[in-house]
Amino acid sequence: MGIGGNNLRIIAYIKFETQNVFIKHIVTHKKYDRLTDHYRRNPE
7 MGIGGNNLRI
17 IAYIKFETQN
27 VFIKHIVTHK
37 KYDRLTDHYR
47 RNPE
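Here the sequence shown stands for residues 7 to 50, numbered as in our numbering.
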């Protein structure tokens, strides 16, 4: 999801059963690329 004039990204966890949204990160596109790469290599 792009925010801040499409300069930032949100990484969130959504728990549909309880209708909760947990914001994990709000980062730049560069940091988003690093985080997604990290999570692909190290799944939680």
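Beta carbons: idealized from backbone N, C-alpha and C, even for Gly. Note that this is a predicted model, so its numbers are computed, not measured.
Below 9 Å between beta carbons: does that hold for N12 and T34?
-> no
CA-CA distance, D39 and Y19?
-> 17 Å
I17 to Q25 span [Cα, whole Å] = 17 Å
Among H44, F22, I32 and K21, the one whose alpha carbon lies nearest that of G10 = I32
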